[in-house]
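Same order as they appear, the protein sequences are chains A and B. Read in order, the letters of the first sequence are residues 1 to 178 in the working numbering. Read in order, the letters of the second sequence are residues 1001 to 1363 in the working numbering. Just so it is clear, CB atoms sit at the ideal spot from N, CA and C, and this is done for glycine as well. Note that the coordinates shown come from a computational prediction; the quantities given were computed from them, not determined experimentally. Quick notes on the structure that follows.
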Amino acid sequence: MAEPDSSNPGDGVDFARLSQDLYAQWESAVTAWWDTVLDSPDVLRASGDALGRLARARKQYEQAVDDNLTRLHLPTRSDLVRLTRIATLLEHRLVRFEDQLLEMQDKLAALEREALQARVDAAEARLEHREEMAALQARLDALQERIDALEQSATRPARRRRRKADDSDTDTRDGDQR
Amino acid sequence: MTADPTHTGALRALLADGRKAWELARFLASDPVRRAPTGRTPHRVIHRQNKAVVRYFAPDPDGVPATPLFISMPLINTWTVFDLLPDRSVVASLVRHGVPVYLLDWGRPGPEDAAVSMSDLVDDLLPRAVDRSLRHAATHHGADALDGLGYCVGGTFLAISLARHPDMLRRMALLASPIDFHASGRLATWARPETFPLDDIVDGFGNFPRQLMAASFAWLRPAGQIARGRSLWTRGSDPAFRRLWAAMEQWNGDNVDFPGEAYREYVRHCYFDNALVPGGPEWIMAGRPVDLGRGRAPAVAFAASDDHICPPPAAFGLARAWGGPVRTEVLRGGHVGVCIGRALPAALARWVDSGRGGEAPQP
């Protein structure tokens, strides 16, 4: 009987690595091929033409469907689109109103801030006036005190003089009587 | 090399693969993509206009108070990419950092919005959303200004809007937002006037259909579709990865229509003309030129290193176009991967911290 073949060609081969390598080779080959196809002006022109024809055909088809539905007095797709567009435009108008409201709100807030500032300024000014008035009053009081003091000091010698004069009058009368 | 005459190793590997396949089949059968819990960070809507809403995320009371942040999301996907999972959420990381977040979710335009123009978006809807956010922030956080963050097209729109309304925001950060559109790789190659039937598409479809949007993003990297499936196979035994995979798939499959007239203007002026960078043709919007040079706010442009939708040169076009000081920074990741990676929350935290304290704002 023959010995079993111990050097099997599949033994020890890393299949995972092999499949990875094969995949990488396949991917780079396919990518290179696709690159030439997808960047080719002829392919791009042909696919562009096809896309353009498809778009035109779709437009014609939609037009035909719309015409048929119109003949049957049924709403068409473009009718619905128009209606939805109107709703969208209405919503847009509402949003613009909201913009204006917000702007007005901003302006009102600014005015309110200004009015508040003016009131604060006025109150501060009033306080300042009050302080100035109080200072003036204090000066006036001080002046009044000084005037009073002066008056007092002025009246005291006069009284003394009067008293002296009174005293001398009394002496003279006494002398006369005597 | 050891001989394995019974091939037990190979059999064991086969069995393990079988088990893995069974586990993944059970996972996929449980409808994980639909049930992925995205957008779960607590928030409330503070303003609505048409389909757009502003979502307010209150800051963590334990965080250090910071200037409130207004986020402009892209119009082409849902906002949940910034709140994919509790541990992979940009908004959650920001509120933990003490930042009150106001996120503009543009909603899902319907056929009635086909006439919405670029001016409607950048001169009306976006400034109003910022105004309402600022009013809310003033009342609840005593703020007198907002910082702004825009992702992808949302960032491009934010930059245009801020250049036209310079007092709207204090500072601006753009994440993977194209400004130099002719540097935006394959998308720029595809969006050329001679090959891209822009008018036919807008006239025919009204809005730019989300299915076309999804298909065009898928075809940017055809092998990427297989890579996503393969990543589930190779890493699917990790429950955390499976949750993330399901959330990403949900977000990826949830594209949004782009309002037709706005799309026409956007592609014509940005992709065809590259009008946002100096030297491009003049873009007159609602009677006023679009000139990013009029923007004065300090700005930072974050780009993702492996971004195939907005490569770094496209994002860094801001440095040439913007009128104010601009800082640029590259973060590791792809266009979407950067939102779920660890680099972005850290970079945003640094940016937020640089604006604290009331000193002159830095980019």
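Buried/exposed call for residue i, threshold 16 Cβ in 10 Å
{"i": "B/L956", "result": "Coverage of chain B is limited to positions 1001 through 1363, which leaves residue 956 of chain B absent and any answer about it impossible."}
{"i": "A/H129", "result": "exposed"}
{"i": "B/A1303", "result": "buried"}
{"i": "B/W1351", "result": "buried"}
{"i": "B/G1049", "result": "Here the sequence assigns Gln to residue 1049 of chain B, which means Gly is not the residue at that position. The residue in question, B/Q1049, is buried, as its Cβ has 16 or more Cβ neighbours within 10 Å."}
{"i": "B/T1041", "result": "buried"}
{"i": "A/M1", "result": "The predicted position of A/M1 is uncertain, since its pLDDT is 42 and thus under 50; no value can be drawn from it."}
{"i": "A/T155", "result": "exposed"}
{"i": "B/I1071", "result": "buried"}
{"i": "B/I1284", "result": "exposed"}
{"i": "B/W1322", "result": "buried"}
{"i": "B/G1295", "result": "buried"}
{"i": "A/M104", "result": "exposed"}
{"i": "B/D1083", "result": "buried"}
{"i": "B/Q1250", "result": "buried"}
{"i": "B/L1014", "result": "exposed"}
{"i": "B/T1139", "result": "exposed"}
{"i": "B/V1064", "result": "exposed"}
{"i": "B/W1106", "result": "buried"}
{"i": "B/D1144", "result": "exposed"}
{"i": "B/D1200", "result": "buried"}
{"i": "B/W1079", "result": "buried"}
{"i": "A/H73", "result": "exposed"}
{"i": "B/T1195", "result": "buried"}
{"i": "B/T1038", "result": "buried"}
{"i": "A/R163", "result": "exposed"}
CB contact check: residue i to chain A, cutoff 8 Å
{"i": "B/P1259", "result": "no"}
{"i": "B/F1196", "result": "yes"}
{"i": "B/A1188", "result": "no"}
{"i": "B/W1245", "result": "no"}
{"i": "B/A1013", "result": "yes"}
{"i": "B/N1255", "result": "no"}
{"i": "B/R1230", "result": "yes"}
{"i": "B/K1020", "result": "no"}
{"i": "B/A1052", "result": "no"}
{"i": "B/A1223", "result": "yes"}
Closer than 7 Å: residue i CB and nearest the ligand PLP heavy atom
{"i": "B/P1037", "result": "The ligand PLP is not part of this structure, which contains no ligands at all."}
Inter-residue CB distance, residue i and residue j (contact presumed, cutoff 8 Å)
{"i": "B/G1204", "j": "A/R58", "result": "5 Å"}
{"i": "B/R1114", "j": "B/G1206", "result": "What sits at residue 1114 of chain B in the sequence shown is Ala, not Arg. 4 Å between Cβ atoms; contact."}
{"i": "B/H1136", "j": "B/Y1266", "result": "Actually they do not touch by this definition, with Cβ atoms about 29 Å apart."}
{"i": "B/D1307", "j": "B/A1176", "result": "6 Å"}
{"i": "A/T36", "j": "B/E1112", "result": "Contact flag wrong, Cβ pair sits at about 42 Å."}
{"i": "B/V1290", "j": "B/L1075", "result": "That pair is no contact at about 17 Å."}
{"i": "B/V1277", "j": "B/G1324", "result": "Incorrect: roughly 16 Å between the Cβ atoms, too far for contact."}
Any chain D beta carbon closer than 8 Å to residue i
{"i": "B/A1145", "result": "You won't find chain D in this structure, because its protein chains are A and B."}
Residue i at chain B interface by Cβ criterion, 8 Å
{"i": "A/E112", "result": "no"}
{"i": "A/L44", "result": "yes"}
{"i": "A/V120", "result": "no"}
{"i": "A/V95", "result": "yes"}
{"i": "A/E91", "result": "yes"}
Inset, instruction - May I ask you to list, following chain order, the residues of the stretch 46 to 59 of chain A that have a beta carbon less than 7 Å from some beta carbon of chain B? - result: G48, L51, G52, A55, R56, R58, K59
Legend entry - 3 or more residues per run - each beta strand (DSSP E) lying fully within the stretch 1305 to 1362 of chain B: Segments of the beta strand (DSSP E) lying fully in the stretch 1305 to 1362 of chain B: 1326 to 1331.
Legend entry - Residues of the stretch 1094 to 1112 of chain B whose Cβ lies closer than 7 Å to any Cβ of chain A, in chain order: G1110, P1111, E1112
Legend entry - Segments assigned alpha helix (DSSP H), at least 4 residues, entirely inside the stretch 57 to 137 of chain A: none
Inset, instruction - Can you give me, in chain order, the residues of the stretch 1198 to 1209 of chain B that have a beta carbon less than 7 Å from any beta carbon in chain A? - result: D1200, I1201, D1203, G1204, F1205
Inset, instruction - Identify each residue in the stretch 70 to 85 of chain A for which the Cβ-Cβ distance to at least one residue of chain B is less than 9 Å, and report them in chain order. - result: Residues of the stretch 70 to 85 of chain A that bring their beta carbon within less than 9 Å of a beta carbon in chain B comprise R77, S78, L80, V81, R82, L83, T84, R85, in sequence order.
Inset, instruction - Name, going along the chain, the residues of the stretch 15 to 38 of chain A whose beta-carbon falls closer than 8 Å to a beta-carbon of chain B. - result: F15, A16, Y23, E27, V30, T31, W34, L38
Legend entry - Contact residues within the stretch 1209 to 1221 of chain B, judged by C-beta distance below 7 Å to chain A: W1219
Inset, instruction - Compile a chain-ordered list of the residues in the stretch 1048 to 1075 of chain B whose CB is closer than 8 Å to at least one CB of chain A. - result: Taking 8 Å as the cut-off between beta carbons, the residues of the stretch 1048 to 1075 of chain B near chain A are Q1049, N1050, in sequence order.
Inset, instruction - Write down every uninterrupted run of the alpha helix (DSSP H) in the stretch 1209 to 1255 of chain B whose length is 4 residues or greater and which is fully enclosed by it, in chain order. - result: 1210 to 1220, 1222 to 1235, 1239 to 1252
Inset, instruction - Starting from the N-terminal side, write out each stretch of the beta strand (DSSP E) that is 3 residues or longer and does not extend beyond the stretch 1033 to 1073 of chain B. - result: 1044 to 1049, 1052 to 1057, 1069 to 1072
Legend entry - Length at least 3, wholly inside the stretch 1132 to 1189 of chain B: the beta strand (DSSP E) runs in chain order: 1147 to 1151, 1171 to 1175
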